[in-house]
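> Going by my numbering, the sequence shown opens with residue 1, and the numbers climb by one from there.
We treat Cβ as the ideally placed atom computed from N, Cα and C, and that holds for glycine.
Quick caveat: nothing in here was measured; it's all calculated off a predicted structure.
Quick one: the structure is below, questions incoming.
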Amino acid sequence: REMSHAKIQEKLMEISQLEKEIKSLSLAGVDAEEILKKETEAEVLRSEIANTKFLCHNLLMETLSPEQWQTLVTAYEKDFPFLERSKMMEVMQHVNPVPNYMKIIESDSNVLDLSPEQASKFEAWRLENHPKMMEMANQIIDLEREIYTGSLQKEQKEDLLKKVVQINQVRTEIVRTKTNCRDMLMHFLDDGQWQILLEKLS
């Protein structure tokens, strides 16, 4: 614990900073590849944290008696239950730091004064991509639940790490899709509308 706790906290702070940078880069209209580079940096840190935690998991499994392990599991499930997120915005904010541009388009269409053509284009995008986004977000939540449960049930580190890799892959695809959404909006909104959108997201 003394060796690892400080390192994990430092990496969590680095991830938080990278997520702030990703949001800023997105709002600034920076190319997707630059944003994805930051996401990749965050993924490396998340994987390193997961690996450290799984090493701790293995150490405890090897050194605790079955009775001690069960006591630990019972206490952990009571004090740190898996956090179920059901609201869409909570789920999306949890799984990626890119702003939810389309949410503003939906809620503030009058302020943006969208033309019928713009409204039609954006609605077509939403209908095509929103279900995919929610499917990916829920896939991450499901994988996180599997890691939580699997860890308590003494699943092997290698199998747990595979799920971490899957989560990182889905996160990347979410960031890519939301950046594509941003680029589409930048193309079809005029400068004034885009500035209003940025103000709503800032």
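Beta-carbon within less than 8 Å of Glu135's beta-carbon, same chain only, minus the 5 sequence neighbours each way: which residues are those?
As a first step, residue 135 is located in the sequence shown; it is residue number 135 there, counting from the start. Closer than 8 Å at Cβ, skipping near neighbours: no residue.
> Note down the Cα distance separating Asp183 from Leu114, rounded to an integer number of angstroms.
Start at 1 with the first residue of the sequence shown, and residue 183 comes out as number 183. Start at 1 with the first residue of the sequence shown, and residue 114 comes out as number 114. Whole-angstrom Cα-Cα distance: 17 Å.
> Within 10 angstroms of the Cβ of Pro97, are there 16 or more other Cβ atoms? Answer buried if so, exposed if not.
Counting from one through the sequence shown, the residue named residue 97 turns up at place 97. Buried, by the Cβ-count rule.
> Once DSSP output is grouped into helix, strand and coil, what is the label at Pro66?
Taking the sequence shown and counting its residues from 1, the one referred to as residue 66 is at position 66. DSSP places Pro66 in helix when its eight states are reduced to three.
> Along the alpha helix (DSSP H) that carries Lys154, what are the first and last residues, could you check?
By 1-based counting over the sequence shown, the position of residue 154 is 154. Premise fails: Lys154 is in no alpha helix (DSSP H) and is neither H nor E.
> Going straight from the alpha carbon of Ala42 to that of Gln166, what length do you get?
Numbered from its first residue, the sequence shown carries residue 42 at position 42. Numbered from its first residue, the sequence shown carries residue 166 at position 166. The straight-line gap from Cα to Cα measures roughly 14 Å.
> Using the rule of at least 16 other Cβ atoms within 10 Å of the residue's Cβ for burial, across every protein chain shown, is Glu10 buried or exposed?
Locating residue 10 in the sequence shown gives position 10, where the first residue counts as 1. By the neighbour-count rule (16 or more Cβ atoms within 10 Å), Glu10 is not buried but exposed.
> Under 6 Å Cβ to Cβ from Val175, same chain only, skipping five residues before and after it: list those, please.
Translated into the one-based positions of the sequence shown, residue 175 becomes position 175. Excluding residues within five positions, the ones whose Cβ falls inside 6 Å are Glu39, Asn96, Val98.
> Label Thr209 either buried or exposed according to how many other C-beta atoms from any shown protein chain fall within 10 Å of its C-beta, with 16 as the threshold for buried.
Since the first and last residues shown for the chain are 1 and 202, residue 209 lies out of range.
> Just the Cα atoms here: how many angstroms apart are Glu49 and Gly192?
As a position in the sequence shown, residue 49 is number 49, starting the count at 1. As a position in the sequence shown, residue 192 is number 192, starting the count at 1. Residue identity check: residue 49 is Ile in the sequence provided, not Glu. Roughly 43 Å separates the two Cα atoms.
> If I measure Cβ to Cβ from His94 and keep anything under 7 Å in the same chain, skipping five residues before and after, which residues do I get?
To locate residue 94, count along the sequence shown from 1; it is residue 94. Same-chain partners within the cutoff: Arg85.
> Does DSSP classify Gly150 as helix, strand or coil?
Walking along the sequence shown from the start, residue 150 turns up at place 150. Helix.
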